[in-house]
Amino acid sequence: MDNIYEALRESHETQRTLCRRLTHLKPDDARAWETFKTLRVELAAHAAAEERYLYAQILFDDMGLKSSRHALHEHHEIDECVEALEDARDKPEAWPELVRKLSHEVHHHLREEEKKFFQLSGKILSDKQKVGLATRYRRDLSRMREVVA
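With our numbering applied, the sequence shown corresponds to residues 1 to 149, in that order.
Below is the structure:
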């Protein structure tokens, strides 16, 4: 049966793929901006749904407070990287470094989340909650992809 972690990992893989693709494209390649826009939507939609349907649950437990706050902070750092790339659209000399920074932040966050946060939150949530949260997360992720597009 599907659970919140399987649902989240699907978006994580999409994010990783888009980051890898973006780092291999030159700023003057038309595919670079399209890939960035797709990544921006995926990051924003995923963060919103994840914060609502995983982080919020874990924030209510004392054991998960510090980890949830840290993960939220990392989402904010990723948002800042996305904004910097949007601002650098007409600055091709800045693009490669900003793309590398964004990719690094995303990969770091996903790795830390999957290796640490999932294990911690898995101790807090019941199996029933994990299944129910997956359904709610997927529904909100789909909705948010449209909202932020």
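Even glycine gets a Cβ: it sits at the ideal position worked out from N, Cα and C. Just so it is clear, the structure is predicted and the values come from calculations on it, not from any experiment.
Nonlocal neighbours in the same chain, by C-beta distance under 8 Å from residue i, ignoring five residues either side
i: Gln15; result: Leu39, Glu42, Leu43, His46, Val106 and Leu110
i: Arg69; result: Leu59
Residue i and residue j closer than 7 Å at C-beta
i: Ser121; j: Cys19; result: no
i: Leu141; j: Ala49; result: yes
i: Ile124; j: Ile58; result: yes
Residues near residue i by beta carbon distance below 6 Å, same chain, minus five either side
i: Val131; result: Met1 and Asn3
i: Arg136; result: Tyr53
i: Glu74; result: His109
i: Arg9; result: none
i: Lys101; result: Cys81
i: Met144; result: Ala45, Ala48 and Ala49
i: Tyr5; result: Phe118
i: Asp61; result: Ile124
Same chain, Cβ closer than 7 Å to residue i, neighbours up to 5 away in sequence not counted
i: Phe117; result: Ser67 and Ala71
i: Arg138; result: Ala7
i: Ala84; result: Leu98
i: Phe36; result: Leu22 and Leu85
i: Asp127; result: none
i: Ala88; result: Ala94, Trp95 and Leu98
i: Arg31; result: Leu25
CB-CB length for residue i against residue j, believed under 8 Å
i: Leu22; j: Val99; result: 5 Å
i: Pro92; j: Asp29; result: So it is not a contact: roughly 10 Å between Cβ atoms.
i: Glu112; j: His12; result: Contact flag wrong, Cβ pair sits at about 11 Å.
Any non-hydrogen atom of the ligand SAH within 6 Å of residue i CB
i: His108; result: The ligand SAH is absent from the structure shown, which contains no ligand whatsoever.
Just to confirm the assignment: which complete alpha helix (DSSP H) runs, minimum length 4, are found wholly within the stretch 35-71? 56-59
Along the chain, which unbroken stretches of the beta strand (DSSP E) at least 3 residues long are found entirely within the stretch 108-147? none
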